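Novice: Before I ask anything, let me first share the structure, which is written out below as C-alpha cells.
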Ligand SMILES: Cc1cc2nc3c(=O)[nH]c(=O)nc-3n(C[C@H](O)[C@H](O)[C@H](O)COP(=O)(O)O)c2cc1C
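Residue numbers (our numbering): -7 to 289.
This is how it looks when you write it as C-alpha cells:
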C-alpha cells in the first residue's frame, strides 16, 4: 500500500487521550496514549498500546501496575508534556504547573487530578503486536468525574466533544388502539425492533384483517434476538397462511409513534413481497387513508 496515503489516513481516526501513569526503577512517570480502550466489562479490562522504547513500558513490565487517566478537555497542557517528553529526559510529574497528583486507593502508582476517569490496573497480559506492545490491565479501582468532558484527538489536534446528535426518526401519529398494541409488544423497550412484509398492489398494501379496522396492519412480528430476520419472516408468514415470494434485500424504517403525549420508537426491517392469491384473513388496504401505511412505504 502507498505509505504516504496510509500515513495520511491514519490521522483520520478519532480517539480520546489517556495519560498512563506508572512507578518503577525509571521513577514515577506519565505518558500520553491515544491507543487506550476498555476491552471487557467483566472482568473490567483496559488495553493500551505502547511503543517499546518508552520508559512507561519498562516501569509497567517491572511493577505489573499502571494507572489510566482519561484526559478532560482542560488538560491539553498536561497531555502535551506527557506525550512530548520521555522520563529519560525529565521527571515529568515533578513539573508543578503541569500535573496535580491524586493518591491511588489500591496500588502504588501516581494518578492525575482533573481527569474524567482514573483507573488503577494490574497487568494481566503484555504482547508485542506490530510495532507496539499491547498491555492489558484488570481494573482494581475506578472513579469518574461526571462534571468533566473528555478531550478528543483527531488529525493531530485536540477538540472538545460536540453536542449529541439526535438520529432521525420519522414521526407517525397513530390511533390509541394501535399505540396500545405496539407499546404492549414493546414491553418497556426503548426501541421495539420488528420485521415485516410489504406487499403492494397499486395504491394498497396487504394487511391482516381485524374486527377493529384501526388495528389492521401489515404482517409483522418481533423476531428472536440473534436469528436471521429473512428466514424467520418467511417461516412466520408461512404459518399464517401467506405463500409469497420475498425479495432478499431489506430496507429500514425508523419510526417514532405518537399518541397524545405518549411516544414509542419502532424499527421496521421490511422485505418487499409479491403474492398471487390472498387468504381470507388478509385484505388490501388503501395506503393514503392510513398514517402508518403511508410511513412504511
Ligand atoms: C496525543 C498523544 C498521543 C499519544 N499516544 C501514544 C500511544 O497511544 N502509544 C504510544 O506508545 N505513544 C503515544 N504517544 C507518544 C508517547 O506519549 C511519548 O513517546 C512519550 O514521550 C513516552 O514517554 P515515556 O518514555 O516517559 O514513557 C502519544 C503522544 C501524544 C502527544
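Cβ coordinates follow ideal geometry from the N, Cα and C atoms, glycine included. From a predicted model like this one, the values you see are computed outputs, not experimental measurements.
1) Taking Cβ positions, are residue 113 and residue 131 nearer each other than 8 Å?
2) Can you determine whether any heavy atom of ligand 1 sits closer than 7 Å to the C-beta of residue 91, and answer yes or no?
3) Confirm, please, whether the CB-CB distance from residue 28 to residue 101 is below 8 Å.
4) Taking Cβ positions, are residue 200 and residue 265 nearer each other than 8 Å?
5) Considering Cα atoms alone, identify which of 66, 60, 61 and 22 is closest to residue 46.
6) Return the Cβ separation of residue 103 and residue 20 in integer angstroms, given the expectation that the two are a contact with Cβ distance under 8 Å.
7) Within a Cβ cutoff of 7 Å, which residues of the same chain sit near residue 196, ignoring the five residues on either side of it in sequence?
8) Does any heavy atom of ligand 1 sit closer than 7 Å to the C-beta of residue 29?
9) Quick one: what does DSSP say residue 204 is sitting in, helix, strand or coil?
10) Report whether the distance from the Cβ of residue 112 to the nearest heavy atom of ligand 1 is below 7 Å.
11) Quick check: residue 271 and residue 234, are their CB atoms within less than 8 Å of each other?
12) Out of 189, 259, 52 and 11, which has the shortest C-alpha to C-alpha gap to residue 76?
13) Any heavy atom of ligand 1 within a distance shorter than 7 Å of the CB on residue 72?
14) Assuming contact is defined by CB atoms lying nearer than 8 Å, are residue 216 and residue 224 in contact in what I supplied?
15) Taking three-plus beta-carbon pairs below 8 Å as touching, is the segment 154 to 168 in contact with the segment 63 to 81?
16) Going by CA-CA distance only, name the one from 287, 179, 226 and 120 that's closest to residue 256.
17) Taking 7 Å as the cut-off, does the CB of residue 79 come closer than this to any heavy atom belonging to ligand 1?
Specialist: Working from what's here:
1) Position 121 of the chain shown, counted from the start, is the residue given in the question as residue 113. Position 139 of the chain shown, counted from the start, is the residue given in the question as residue 131. Cβ distance < 8 Å, so residue 113 and residue 131 count as in contact.
2) Mapped onto the chain shown, residue 91 falls at position 99. No - ligand 1 has no heavy atom lying nearer than 7 Å to the Cβ of residue 91.
3) Residue 101 sits at position 109 when you count from the first residue of the chain shown. Residue 28 sits at position 36 when you count from the first residue of the chain shown. No, Cβ-Cβ distance for residue 101 and residue 28 is not below 8 Å.
4) Along the chain shown, read from residue 1 onward, the residue named residue 200 stands at position 208. Along the chain shown, read from residue 1 onward, the residue named residue 265 stands at position 273. No; because the gap between Cβ atoms is not below 8 Å, this pair is not in contact.
5) Sequence index remark: in the chain shown, residue 46 carries index 54 (1-based). Out of 66, 60, 61 and 22, 22 has the C-alpha closest to the C-alpha of residue 46.
6) The residue labelled residue 103 in the question sits at position 111 within the chain shown. The residue labelled residue 20 in the question sits at position 28 within the chain shown. Their Cβ separation, rounded to whole angstroms, is 11 Å, which puts residue 103 and residue 20 out of contact at 8 Å.
7) Along the chain shown, one-based indexing puts residue 196 at 204. Within the same chain, residue 196 has close Cβ partners 276, 277, 278 and 279.
8) Walking along the chain shown from the start, residue 29 turns up at place 37. Not so, every heavy atom of ligand 1 lies at least 7 Å from the Cβ.
9) Translated into the one-based positions of the chain shown, residue 204 becomes position 212. In this structure, residue 204 counts as coil in the three-state DSSP scheme.
10) In the chain shown, counting from the first residue as 1, residue 112 sits at position 120. Outside the cutoff, so no.
11) As a first step, residue 271 is located in the chain shown; it is residue number 279 there, counting from the start. As a first step, residue 234 is located in the chain shown; it is residue number 242 there, counting from the start. In this structure, residue 234 lies closer than 8 Å to residue 271 by Cβ.
12) Within the chain shown, the letter at position 84 stands for residue 76. Selected option, being the one with the closest Cα: 11.
13) Within the chain shown, the letter at position 80 stands for residue 72. Yes, since a heavy atom of ligand 1 falls inside the 7 Å radius drawn around the Cβ of residue 72.
14) Reading the chain shown from its first residue, position 224 is the one you call residue 216. Reading the chain shown from its first residue, position 232 is the one you call residue 224. Yes; because the gap between Cβ atoms is below 8 Å, this pair is in contact.
15) no
16) Taking the chain shown and counting its residues from 1, the one referred to as residue 256 is at position 264. Among 287, 179, 226 and 120, the Cα nearest to that of residue 256 is on 179.
17) Locating residue 79 in the chain shown gives position 87, counting from the first residue. Yes - ligand 1 has a heavy atom lying nearer than 7 Å to the Cβ of residue 79.
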